[in-house]
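In the numbering used here, the protein residues as written are 1 to 328.
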């Protein structure tokens with residue numbers, strides 16, 4: 001196996017005056033060409049982790065390394081930043097009154113690029129991110145998806161080995177999100193390691209090679225995404241769709257009989273879910289609902305999604321629990 005391009009070892013951050021530890025002893029590695037999804041609820045420590053990888057926040061303990069350089073050591077950080085690009089949610093990633101091309105020229109100059117080399121790199125990125133036709137329009141006239149592409153292009157100007165993306169598809173429409181998703185996959189295929197934080201777990205399931213779930217600054221689980229899903233997809237979910245909204249009293253009574261039953265949605269109709277339900281379980285539930293006067297439209301069995309896995313781990317894993325993780 002190749003030497004990791006990203007190495008995080010026992011990384012910890014305790015902010016002064018804060019009782020809770022923002023990040024507590026997390027560890028992971030990334031290989032070139034790997035997409036890692038860093039997933040967790042708001043306040044879990046995702047953005048703090050990215051900032052430590054960028055050298056913007058000094059860790060209290062542990063190490064965040066890029067291309068073999070410890071980003072908490074000033075002399076090494078100056079070398080490490082040459083190998084990493086980032087787009088942080090809420091940061092100024094582009095200037096609205098400049099065109100896409102002018103933005104890239106400005107940020108490229110800050111990176112020390114000049115002349116023909118800079119122009120060639122700008123042209124490459126405009127092509128890669130499908131911005132050529134709009135290159136000379138002011139960014140303020142762009143859609144949010146196009147603005148995000150300009151930000152990613154700026155982060156790629158110096159051709160870094162590692163790209164850190166904080167909620168890259170947040171607020172994008174479906175078409176823009178799919179386009180950006182394909183760009184990220186292309187970058188990974190070119191050998192770049194891409195770490196992304198996201199709340200869109202379907203996206204993480206489709207494109208990530210590895211998933212790291214964090215809660216309250218602590219690791220919940222870390223594994224290859226498909227291995228993680230396989231571990232839990234031995235558990236299937238039975239979904240029961242009802243013709244009408246299920247009255248609260250009937251649902252509460254049903255839960256007393258079937259403790260693992262949950263209400264997934266209620267919008268005119270109702271969808272109930274039961275993990276690991278056997279055929280006998282389904283038959284009992286069917287008879288119970290029928291006796292309560294409920295009309296069942298459909299019953300289907302399917303595998304667990306990453307979103308359901310995430311919610312299960314976040315809600316049911318004890319504060320200090322760490323699920324088995326891959327070793328590299």
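No residue lacks a Cβ here, since even glycine has one placed at the ideal position from N, Cα and C.
Exposed or buried, residue i, counting other C-beta atoms within 10 Å across all chains shown (16 or more means buried)?
i           : result
residue 59  : buried
residue 51  : buried
residue 134 : buried
residue 93  : buried
residue 19  : exposed
residue 160 : buried
residue 69  : buried
residue 298 : exposed
residue 388 : Residue 388 lies beyond the range of the chain shown here (1 to 328); nothing can be said about it.
residue 240 : buried
residue 106 : exposed
residue 247 : exposed
residue 11  : buried
residue 225 : buried
residue 16  : exposed
residue 13  : buried
residue 143 : exposed
Measuring alpha carbon to alpha carbon, tell me which residue in the options is nearest residue i.
i           : options               : result
residue 34  : 76, 194, 113 and 46   : 194
residue 220 : 45, 251, 31 and 173   : 45
residue 197 : 110, 48 and 287       : 48
residue 215 : 73, 43 and 134        : 43
residue 268 : 22, 71 and 245        : 245
residue 293 : 117, 103, 64 and 249  : 249
residue 88  : 141, 136 and 151      : 151
residue 137 : 99, 116 and 125       : 99
residue 289 : 275, 243 and 276      : 243
residue 181 : 128, 224 and 213      : 128
residue 281 : 209, 295, 156 and 254 : 254
residue 55  : 155, 74 and 112       : 74
residue 103 : 83, 156 and 238       : 156
residue 306 : 22, 65, 39 and 184    : 39
residue 31  : 188, 154 and 121      : 188
List the residues that DSSP assigns as beta-bridge partners of residue i.
i           : result
residue 302 : 237
residue 98  : DSSP output for residue 98 lists no bridge partner at all.
residue 9   : 63
residue 150 : Partner(s): none; residue 150 has no beta bridge.
residue 334 : There is simply no residue 334 to check, as the chain begins at 1 and stops at 328 in what is shown.
residue 286 : BP columns for residue 286 are empty, so no partner.
residue 242 : 270 and 296
residue 262 : 273
residue 69  : 66
Kindly indicate the opening and closing residues of the alpha helix (DSSP H) around residue i.
i           : result
residue 276 : Taken as a continuous stretch (DSSP letters only), residue 276 belongs to no alpha helix (DSSP H), as it is neither H nor E.
residue 122 : 115–128
residue 52  : 46–53
residue 37  : Here residue 37 belongs to no alpha helix (DSSP H); instead the beta strand (DSSP E) covers 35–39.
residue 257 : 248–257
residue 3   : Where residue 3 is concerned, there is no enclosing alpha helix (DSSP H), given that its DSSP letter is neither H nor E.
residue 80  : 74–80
Ends of the beta strand (DSSP E) at residue i?
i           : result
residue 85  : 84–87
residue 139 : No beta strand (DSSP E) contains residue 139, which DSSP labels as neither H nor E.
residue 29  : 23–30
May I have a chain-ordered list of the beta strand (DSSP E) segments no shorter than 3 residues that lie completely inside the stretch 163–237? Counting only runs of 3 or more, we get 193–197, 210–215 and 218–224.
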